[in-house]
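Residue numbers (my numbering), protein chains in the order written: chain A, 382 to 593; chain B, 382 to 593.
All C-beta atoms, glycine included, are put in the ideal place defined by N, C-alpha and C.
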DNA sequence: TCCCGTTTAAAACATACGTTTAGATAAGGT
DNA sequence: ACCTTATCTAAACGTATGTTTTAAACGGGA
């Protein structure tokens, strides 16, 4: 006897998984509640039941994993900082930038954990006004603030404004990588192939290090 | 006596103008044909009459100004190349990158000519599968191909693959600038303001030059 | 066993959508 | 004047949309 019912949290998660995937590949308006619920094998009204509205679902997808990327960034920052301190030096520019870029790039390649989908979802969410991304960004600012002193220490000539601008462009290269990595073949007339996650990470980190 | 009728080309252009603006600010699915036609003050069926379908309209918006950015890039390339030749030197890295980035950045600021809308439209179109952006990109590749020899001449150590990767990241910084420039204030805790188009251009060019 | 809050189900609601159709209107050529 | 062509209009078509409603099914605690 199968017990499909009364697995509320289970159904909720399943909806979030499906919605995350669909929203990662299409715009908010192009994804219908009916597609979500049928792919998640739940009733049509489940979305409204659990999330109130389609927009509520979208925001719930964001919130579920919002902190993870930034926590991992801060973790890598502290690891690099501790290691540097033990060796009697400052954290290098490469270490700082790597701490910012590695989590999203690696997770983009990590099919297993399902984060790659979330990363692409995030990139798209930045363009949707439905998700109130200004408030989303405010959470990211918190992380960048933590990085600023480290940048200033090794690059004392730079003003805070300069550093923010460079972080800004760095995020540009990152988001572009996330969004259009699959098109590098096309753009380069098949000169370039997408390699391993480490190779991709190294390329974008190198680019951003020099840009700084 | 107003002659609203028989202004076919006029109505067509008006539809394109309105659609360009709407598609620049929202996704393909979120913009309805009814919104376009009512804002353009034409009949509902005008879109299907002139463009066959909503998708046809979207592609027509793209095509209308597609060549302009890339033509301007090539023009700037030749200007820089001629000037360099007259001075008995190669075109500098900064000149090359500036030729690639200046047209979209300047037009982004140029409210008057309406290109700023198109630039934002383009950035969003890259995420819509409806516009068959792989074919769109092939047209851009043509332009990059023209630049490759110039890059190779002044940076002979770099392989073609390396150059393409760097152009790729450069486009990332550019597209990010286009998409999220208005959020630089927020990202930087109000440290940064959006300055003139020249200042913005100089910042992204400087970043990309060093990244190369 | 009964009650109660939670969850699932099916149907209906009221719009909004892209597209098609049929016919009116105007302009230009012959 | 007539015919042809391009343009514009209004209405309708069929479908898809997000959401709401109503009721049934279930599990746990009294």
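- The C-beta of residue 554(B) comes closer than 7 Å to at least one C-beta of chain A.
- With a contact defined as Cβ atoms closer than 8 Å, residue 575(B) and residue 565(B) qualify at about 6 Å.
- Here the segment 546-555 of chain A makes contact with the segment 541-557 of chain B; the two share three or more CB pairs at distances below 8 Å.
- Residue state for residue 442(B) is assigned as helix, using DSSP reduced to three classes.
- Of all residues in the segment 515-547 of chain B, only 515, 518, 519, 521, 522, 525, 526, 541, 542, 545, 546, 547 place a beta-carbon less than 8 Å from a beta-carbon of chain A.
- For residue 591(A), the C-beta contacts it makes with chain B under 7 Å involve 591, 592, in order along the chain.
- The DSSP-derived three-state label of residue 461(B) is helix.
- In the displayed model, residue 412(A) falls within coil according to three-state DSSP, outside both helix and strand.
- The CB of residue 558(B) comes closer than 7 Å to the CB of 553 in chain A, given here in chain order.
- In the DSSP annotation of this structure, residue 421(A) is not part of any alpha helix (DSSP H), being labelled neither H nor E.
- Chain-order list of chain A residues neighbouring residue 465(B): empty, with the shortest C-beta distance near 23 Å, by a criterion of under 7 Å.
- The straight-line gap separating the alpha-carbon atoms of residue 416(B) and residue 406(B) is approximately 13 Å.
- Counting only the Cα atoms, residue 534(B) lies some 18 Å from residue 589(B).
- Excluding the 5 residues flanking it on each side, residue 414(B) has same chain C-beta neighbours closer than 6 Å at 428, 435, in chain order.
- Selection 537(A), 426(A), 504(A) evaluated against residue 486(A) yields 504(A) as nearest (Cα-Cα).
- Residue 458(A) and residue 519(A) do not touch by the CB rule: their CB atoms are close to 19 Å apart, not below 8 Å.
- Within chain A, the residues placing a beta-carbon under 9 Å from that of residue 550(B) are 553, 554, 557, 558, 584, 585, 588, 589, 592, ordered along the chain.
- When C-alpha distances from residue 461(B) are compared across 403(B), 475(B), 580(B), the shortest belongs to 475(B).
- Note that the C-beta distance between residue 397(A) and residue 442(A) is below 7 Å.
- Annotation for residue 402(B): 498 place their beta carbon closer than 6 Å to its own, counting only its chain and skipping 5 residues before and after.
- Residue-level contact by beta carbon holds for residue 411(B) and chain A, with a gap shorter than 7 Å.
- Approximately 15 Å separates the beta-carbon atoms of residue 421(A) and residue 445(A); this is outside 8 Å, ruling out the contact.
- Check the Cα spacing between residue 532(B) and each of 484(B), 478(B), 470(B): the tightest is with 478(B).
- Residues 451, 454, 455 of the same chain have their beta carbon placed closer than 7 Å to that of residue 524(A), with the five preceding and five following residues left out of the count.
- Within its own chain, the residues whose Cβ lies closer than 8 Å to the Cβ of residue 562(A), once the five positions on either side in sequence are excluded, are 489, 575, 581, listed in chain order.
- Counted as a single uninterrupted DSSP element, the alpha helix (DSSP H) harbouring residue 582(A) occupies residues 578-592.
- Counting the other CB atoms within 10 Å of its CB gives residue 467(A) a total below 16, which places it among the exposed residues.
- Separation of the CB atoms of residue 411(A) and residue 426(B) is rounded to 23 Å, and the pair is thereby denied contact status at 8 Å.
- In terms of beta-carbon proximity, residue 565(B) lines the interface with chain A, with at least one pair separated by less than 7 Å.
- Each residue's CA atom was taken as its position, placing residue 481(B) and residue 502(B) some 18 Å apart.
- With a beta-carbon spacing of about 15 Å, residue 577(B) and residue 542(A) fall beyond the 8 Å limit used to define contacts.
- With respect to the 7 Å criterion, residue 392(A) and residue 438(A) are not classified as neighbours on the basis of their beta carbons.
- For residue 521(B), the closest C-alpha among the options 570(A), 433(A), 463(A), 584(A) is that of 570(A).
- Taking residue 540(B) as reference, the option from 593(B), 587(B), 583(B) with the minimal CA-CA separation is 593(B).
- The beta carbons of residue 591(A) and residue 591(B) sit closer together than 7 Å.
- Where residue 552(A) is concerned, the enclosing alpha helix (DSSP H) starts and stops at 541-561.
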